[in-house]
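Which chain is which? The protein sequence lines are A and B, in order.
The first sequence begins at 1 in our numbering and counts up one residue at a time.
The second sequence begins at 1001 in our numbering and counts up one residue at a time.
Each residue gets a CB set at the ideal place from its N, CA and C atoms; glycine is no exception.
These numbers come from a predicted model, not from an experiment.
Heads up: the structure comes next, in structure tokens.
There are 2 protein chains.
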Amino acid sequence: MTIENISNNKVLDGWHKQYNHQSNVLNCKMRFAIYLPPQATSKNKVPVMYWLSGLTCTDENFMQKAGALRMAAELGIAIVAPDTSPRGENVPDDEKQAYDLGKGAGFYVNATQPPWNKHYQMYDYVVDELPELIETHFPVNSQRVISGHSMGGHGALVIALRNPKLYKSVSAFSPISNPMNCGWGRKAFSAYLGTDPDAWTLYNTWSVYDASELMRKTTAQVPAMVEQGENDDFLEEQLKPNALLLAAKANNYPLTFNMAEGYDHSYYFISSFIDKHIRFHAFNLGLLEQQ
Amino acid sequence: MTIENISNNKVLDGWHKQYNHQSNVLNCKMRFAIYLPPQATSKNKVPVMYWLSGLTCTDENFMQKAGALRMAAELGIAIVAPDTSPRGENVPDDEKQAYDLGKGAGFYVNATQPPWNKHYQMYDYVVDELPELIETHFPVNSQRVISGHSMGGHGALVIALRNPKLYKSVSAFSPISNPMNCGWGRKAFSAYLGTDPDAWTLYNTWSVYDASELMRKTTAQVPAMVEQGENDDFLEEQLKPNALLLAAKANNYPLTFNMAEGYDHSYYFISSFIDKHIRFHAFNLGLLEQQ
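Structure below.
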């Protein structure tokens, strides 16, 4: 597992770095970004927050726009931002290059359907291959938390709910909370996972990637925090936080949910609450005595 | 002076807004962005920090990438970010669309040479027209500070040094400190102001837009802070901070200069030190008792 350094920026006494590497899981060359806070040294390995971005994003959006690095530098948490899909000329894309399918829209699932299944294995990439690579090459320990926005909020919740031993906490900004029941989710799941959601086997195939379904059934309890802007244009049609809230209530799940009045779906919203989320993760990592 | 609202994002309990307006000074339609902190109301008008961006930027780069809004919201300072040049189909651009001349590269001067002089009047736009418009339409008072990056750091220093009664303080990140003696500056000044810098009249024409020349001669003293990354790729060829330092020393000018080890020319650098600069401005505005 070799990685190729392609950029270095000093930020707040730490370093933002980008790398290319050949992904065995995705069968293509991938780029990721890491922020190493000043505390990270070979003798003082730090925990990692994985950040999963939303539709159309790359590794760059969060690092440039969220204002997250200040609190990460203060508390000593590394941040890793992968891309949102496999990339490259050989990777299939939507015929019309739609923003919500194909490149930039991997939905953090393992595709089972051709032509997607050869490359679109973002679930395994985020859960297994990328952390192994990060923990091999950087001064980080194996303590992980995970967060994300929109499609990436969906990914973060699904990944933490399915791997409660791997993540100390999970948070999400405006997540696609019930993808089985919204346009974005049904389009992506139909393409990547198969097209008959009423069949029992396919229901099972879809529901293991649906945060509301998972939260309703899980017996493990990874502390979760969700932030949602009340003026988000996608709130009713795509995000459906009520499904998640009902699931949490039914299963007595430790979900902290905040509906933020006046806020939208943008990075301006994320930057307004990212400090709170990083402190939430720091508390669950044992770095802070209170949030 | 009418303005057209084109976007609104709630950020940190305040509002980021973009507007279009017809500029009489620039003879074209211009866009600007304003951040109004939560303290700004018709009964509590707040001071304004003007931010001048660097080559290729628009009103958006600083607002999205600098992480500045948190401290502005905390201290109650509005931020206004204009574009970096006149815009539109009728505005002349460099023949080769070079990044360092024409659109995106107005250099905050009043051009005297055709074809530039009809539109490229960014000095008057920033000093007069834009503040008048801002103070007419928004809950701000007439207290101003100014800051900027690279070409915009040059603009901020020049504008404050030439208008010491209008600005309480000035700061700059990696400014083009001595544009008469670097490639970027000589190219732009030749085009906008005329091509014979050795002639005395033209020397005068150039020197009134050169921060080092102005700092060496001024009798007024606007408190100034400059941040420079030591690993900035443009440091030796274009930025030349030593000229500014020598001028400040010769004239006993109140310049706080920080050479930041390991930092580059990017917004990651700006985001690392923007809190310090906003606190410097807040102190000079009387909002903080110490920096």
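Exposed or buried, what is Y1099 of chain B when buried is set at 16 or more other beta-carbons lying within 10 Å of its beta-carbon?
Translated into the one-based positions of the second sequence, residue 1099 of chain B becomes position 99. Exposed, because fewer than 16 other Cβ atoms sit within 10 Å of the Cβ of Y1099 of chain B.
With a 10 Å radius around its C-beta and 16 neighbouring C-beta atoms as the bar for buried, classify M1001 of chain B as buried or exposed.
In the second sequence, the residue the question calls residue 1001 of chain B occupies position 1. With fewer than 16 other CB atoms across the displayed protein chains lying within 10 angstroms of its CB, M1001 of chain B is exposed.
Given this structure, state the Cα-to-Cα distance separating W1051 of chain B from Q113 of chain A, to the nearest angstrom.
Residue mapping note: residue 1051 of chain B aligns to position 51 of the second sequence, counting from 1. Residue mapping note: residue 113 of chain A aligns to position 113 of the first sequence, counting from 1. Cα-Cα distance, rounded: 50 Å.
Please classify P175 of chain A: is it buried, with 16 or more other beta-carbons within 10 angstroms of its beta-carbon, or exposed?
The residue you call residue 175 of chain A lines up with position 175 of the first sequence. The residue is buried, with at least 16 neighbouring Cβ atoms inside 10 Å.
To the nearest angstrom, how far is the alpha carbon of R1244 of chain B from that of S1171 of chain B?
In the second sequence, the residue the question calls residue 1244 of chain B occupies position 244. In the second sequence, the residue the question calls residue 1171 of chain B occupies position 171. Before going on, a small fix: residue 1244 of chain B reads as Leu here, not Arg. If I take the Cα positions, the gap works out to 13 Å.
Hey, G1153 of chain B and M1122 of chain B: beta-carbon distance below 9 Å or not?
In the second sequence, residue 1153 of chain B corresponds to position 153, counting from 1. In the second sequence, residue 1122 of chain B corresponds to position 122, counting from 1. Their beta carbons are not under 9 Å apart, which means G1153 of chain B does not touch M1122 of chain B by this criterion.
8 Å CB neighbourhood of K45 of chain A in its chain, flanking five on each side removed
If you number the first sequence from 1, residue 45 of chain A lands on position 45. Excluding positions up to five away in sequence, the list reads P139, V140, N141.
Applying the criterion that 16 or more other CB atoms from any shown protein chain within 10 Å of the CB defines a buried residue, is K96 of chain A buried or exposed?
To locate residue 96 of chain A, count along the first sequence from 1; it is residue 96. Looking at its Cβ environment, which holds fewer than 16 other Cβ atoms inside 10 Å, K96 of chain A is exposed.
Any residues in the segment 70-81 of chain A with a beta carbon nearer than 8 Å to a beta carbon of chain B? Which ones, in chain order?
R70
Distance, Cα to Cα, S1190 of chain B vs N1110 of chain B?
Here residue 1190 of chain B corresponds to residue number 190 of the second sequence, with the count starting at 1. Here residue 1110 of chain B corresponds to residue number 110 of the second sequence, with the count starting at 1. Between S1190 of chain B and N1110 of chain B, the C-alpha separation is close to 13 Å.
Best match in A:S177, A:S212, A:W206 for proximity to Q228 of chain A [C-alpha to C-alpha]:
Translated into the one-based positions of the first sequence, residue 228 of chain A becomes position 228. Here the closest residue by C-alpha is A:S177.
Against chain B, does V11 of chain A count as a neighbour if the rule is that its beta carbon must be under 9 Å from one of theirs?
Within the first sequence, numbered from 1, the residue matching residue 11 of chain A stands at position 11. At least one chain B Cβ lies under 9 Å of V11 of chain A.
Which residues in chain A sit within 7 Å of H1016 of chain B, going by Cβ to Cβ distance?
Position 16 of the second sequence, counted from the start, is the residue given in the question as residue 1016 of chain B. Here the neighbours are Y268.
Entirely enclosed beta strand (DSSP E) segments - the segment 1038-1094 of chain B, minimum 3 residues:
1046-1052, 1078-1082
Comparing the C-beta of D1275 of chain B with each C-beta of chain A, is any distance below 9 Å?
Against the second sequence, residue 1275 of chain B aligns to sequence position 275. D1275 of chain B counts as touching chain A.
To be precise: take each residue of the segment 1209-1236 of chain B, compare its Cβ to all Cβ atoms of chain A, and keep it if any distance is under 9 Å. Which residues remain?
From the segment 1209-1236 of chain B, only G1229, N1231 have a Cβ closer than 9 Å to chain A.
For L26 of chain A versus P86 of chain A, is the C-beta spacing smaller than 9 Å?
The count along the first sequence starts at 1 and reaches residue 26 of chain A at position 26. The count along the first sequence starts at 1 and reaches residue 86 of chain A at position 86. The answer is yes: Cβ separation under 9 Å.
Under 7 Å from the C-beta of K65 of chain A: neighbouring residues of chain B:
As a working note, residue 65 of chain A is residue 65 in the first sequence. Correct list: Q1064, K1065.
So is S1272 of chain B in contact with chain A if we call contact Cβ pairs under 9 Å?
By 1-based counting over the second sequence, the position of residue 1272 of chain B is 272. Taking 9 Å as the CB threshold, S1272 of chain B lines the interface with chain A.
Does the segment 1254-1272 of chain B come close enough to the segment 1215-1233 of chain B to have 3 or more Cβ pairs within less than 8 Å?
They touch, by the three-pair rule.
Okay, do the segment 59-74 of chain A and the segment 161-168 of chain A touch, 3+ Cβ pairs below 8 Å being the bar?
no
Consider the Cβ of D1264 of chain B: report whether some Cβ of chain A lies at a distance smaller than 9 Å.
Here residue 1264 of chain B is taken as the residue at index 264 of the second sequence, counted from 1. Yes, D1264 of chain B counts as interfacial toward chain A.
Cβ pair P1179 of chain B, F1107 of chain B closer than 9 Å
As a first step, residue 1179 of chain B must be located in the second sequence, where it is residue number 179. As a first step, residue 1107 of chain B must be located in the second sequence, where it is residue number 107. Against a cut-off of 9 Å, the Cβ pair of F1107 of chain B and P1179 of chain B comes out as a contact.
Let me make sure I understand the geometry here. Which of B:V1126, B:A1078, B:C1057 has the alpha-carbon closest to that of L1101 of chain B?
In the second sequence, the residue the question calls residue 1101 of chain B occupies position 101. Ranking the options by Cα distance to L1101 of chain B, first place goes to B:C1057.
Please classify K1168 of chain B: does DSSP put it in a helix, a strand, or coil?
Reading the second sequence from its first residue, position 168 is the one you call residue 1168 of chain B. Strand at K1168 of chain B.
Straight-line gap, E1060 of chain B to P1131 of chain B (C-alpha atoms, nearest Å)
To locate residue 1060 of chain B, count along the second sequence from 1; it is residue 60. To locate residue 1131 of chain B, count along the second sequence from 1; it is residue 131. Spanning the two alpha carbons is a distance of roughly 18 Å.
Taking 7 Å as the limit between beta carbons, can you name the residues of its chain near G185 of chain A, skipping five residues before and five after?
If you number the first sequence from 1, residue 185 of chain A lands on position 185. Only I176, P179 meet the Cβ criterion.
My guess is that S150 of chain A and M49 of chain A are in contact by the Cβ rule of under 8 Å, so how many angstroms apart are they, rounded?
Walking along the first sequence from the start, residue 150 of chain A turns up at place 150. Walking along the first sequence from the start, residue 49 of chain A turns up at place 49. So it is not a contact: roughly 17 Å between Cβ atoms.
Going by DSSP, what residues sit across from M225 of chain A in a beta bridge?
Position 225 of the first sequence, counted from the first residue, corresponds to residue 225 of chain A. Bridge partners of M225 of chain A: A:S171, A:T256.
Compute the distance between the beta-carbons of N1242 of chain B and F269 of chain A, then report whether it is under 9 Å.
Your numbering for residue 1242 of chain B matches position 242 in the second sequence. Your numbering for residue 269 of chain A matches position 269 in the first sequence. No, they are not a contact pair.
Candidates B:E1213, B:N1284, B:D1264: which alpha carbon is nearest I1159 of chain B's?
The residue labelled residue 1159 of chain B in the question sits at position 159 within the second sequence. The option with the nearest alpha carbon to I1159 of chain B is B:E1213.
Among A:M71, A:A33, A:D210, A:V11, which has the Cα closest to the Cα of Y19 of chain A?
Taking the first residue of the first sequence as 1, we reach residue 19 of chain A at position 19. Ranking A:M71, A:A33, A:D210, A:V11 by CA distance to the CA of Y19 of chain A puts A:A33 first.
Run through the segment 9-36 of chain A for me and flag every whole beta strand (DSSP E) of 3 or more residues, listed as ranges in chain order.
14-23, 28-36
To the nearest angstrom, report how far apart E230 of chain A and Y1120 of chain B are at their CA atoms.
If you number the first sequence from 1, residue 230 of chain A lands on position 230. If you number the second sequence from 1, residue 1120 of chain B lands on position 120. Looking at the two C-alpha atoms, the distance is approximately 42 Å.
Integer Cβ distance of L1285 of chain B from K1168 of chain B, believed to fall under 8 Å
For the purposes of this step, residue 1285 of chain B is identified with residue 285 of the second sequence, where counting begins at 1. For the purposes of this step, residue 1168 of chain B is identified with residue 168 of the second sequence, where counting begins at 1. So it is a contact: roughly 5 Å between Cβ atoms.
Note down the Cα distance separating K276 of chain A from G1183 of chain B, rounded to an integer number of angstroms.
Counted from its first residue, the first sequence places residue 276 of chain A at position 276. Counted from its first residue, the second sequence places residue 1183 of chain B at position 183. If I take the Cα positions, the gap works out to 45 Å.
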